[in-house]
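Contents: one structure, followed by commentary.
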Amino acid sequence: FSSASSHDEL
Amino acid sequence: MNIFRLAGDMTHLASVLVLLLKIHTIKSCAGVSLKTQELYALVFATRYLDIVTDFISVYNTVMKLIFLGSSFSIVWYIRHHRVVRRSYDKDQDTFRHYLLMIPCMLLALFVHEKFTFKEVMWTFSLYLEAVAILPQLVLLQRTRNIDNLTGQYVFLLGAYRGLYIFNWIYRYFTEPHFVHWITWIAGVVQTLLYADFFYYYFESWKNNVRLQLPA
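Just so you know, the sequences run in chain order A and B. Reading the first sequence from the start, the letters are residues 7 to 16 in the numbering used here. Reading the second sequence from the start, the letters are residues 111 to 325 in the numbering used here.
What follows is the structure in structure tokens.
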């Protein structure tokens, strides 16, 4: 997955 | 997902496992700051509000559950476990949480990307995570003879933050419009807080002596 959403990081 | 991000997440996971290993196996939390652990529990609780509203990936959800579960169980262990709680250095771990929590909340209320409840809480979690290690660093400085597992725990946490910076640099160049100033500045500040610790960690490793931070 590689979403550009800002909240895909932990 | 790039290699820096994955390595960062794995280092983060390893740090939590090292801490749980120490607490669960040795039944000791000597040198571990409850204040820092409580702040991390709050960081994850406020950051992962989206766990019920947005689905990103199985990986993302599982990792969020691990970080939430581990941070709250570490706090529970130190506060309530019959044996573990006796090893807690209560008199040394005196950092006052609210000195970090209140400024972070005020900053999040004024400096954020969107003024919504979830977004402000998420921003608060970024600011708070940046400084949450401070009680632990203060405690390390007061503790003579830092044991190996505690030293490794802090080292792995610092490595995780450093790897996230490489992840952002990579994403900036590979993903169009990947610009998140708040995340980046908070992340860089957080990583810089480890600089002093890293210096002494590598010195002790190079000279093969026990890790000790100067008072």
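For each residue, glycine too, the CB sits at the ideal point set by N, CA and C.
In this structure, Leu250 (chain B) places its C-beta atom within 9 Å of the C-beta atom of Thr260 (chain B). Contact between Asp203 (chain B) and Leu144 (chain B) holds, since their C-beta atoms are separated by about 6 Å, short of 8 Å. Of all residues in the stretch 158-175 of chain B, only Asp160, Asp164, Ile166, Ser167, Tyr169, Asn170, Met173, Lys174 place a beta-carbon less than 8 Å from a beta-carbon of chain A. At least one beta carbon of chain A lies nearer than 9 Å to the beta carbon of Arg115 (chain B).
Judged by DSSP secondary structure, Gln300 (chain B) falls within the alpha helix (DSSP H) whose first and last residues are 291-303.
With respect to chain A, the C-beta atom of Asn277 (chain B) has a partner C-beta closer than 9 Å.
Under the three-state reduction of DSSP, Ala240 (chain B) is assigned to helix. Within the stretch 172-203 of chain B, Met173, Lys174, Phe177 place their CB atoms closer than 9 Å to a CB of chain A, listed in sequence order.
For Phe276 (chain B) and Phe114 (chain B), the gap between their C-alpha atoms comes out near 6 Å. Membership of Ala124 (chain B) in the alpha helix (DSSP H) is indicated by the continuous run 113-131. Taking C-beta atoms as the reference points, Asp199 (chain B) and Ala140 (chain B) count as a pair closer than 9 Å.
Among the residues of chain A, none has a CB under 9 Å from the CB of Trp291 (chain B); the nearest is roughly 11 Å distant. Counting C-beta atoms within 10 angstroms of its own C-beta, Tyr208 (chain B) has fewer than 16 neighbours from the protein chains shown and is therefore classed as exposed.
Near chain A, meaning a CB-to-CB distance below 8 Å, the residues of the stretch 219-239 of chain B are Glu223, Trp232. At a cut-off of 4 residues, the continuous stretches assigned as alpha helix (DSSP H) that sit fully inside the stretch 201-268 of chain B are 208-220, 227-241, 244-252. With distances taken between CA atoms, Tyr274 (chain B) lies nearest to B:Thr301 out of B:Ile184, B:Val248, B:Thr301.
Remark: C-beta atoms of Asn258 (chain B) and Gln322 (chain B) do not approach each other more closely than 9 Å. One alpha carbon belongs to Phe220 (chain B), the other to Thr135 (chain B), and they sit about 44 Å apart. The alpha-carbon of Ala240 (chain B) is positioned some 6 Å away from that of Ala296 (chain B). Using a Cβ distance threshold of 9 Å, Val230 (chain B) and Gln246 (chain B) do not count as a contacting pair. At a beta-carbon threshold of 8 Å, the residues of chain A lying near Asp119 (chain B) are Leu16, ordered along the chain. The Cβ-Cβ distance between Ser235 (chain B) and Ser197 (chain B) does not fall below 9 Å.
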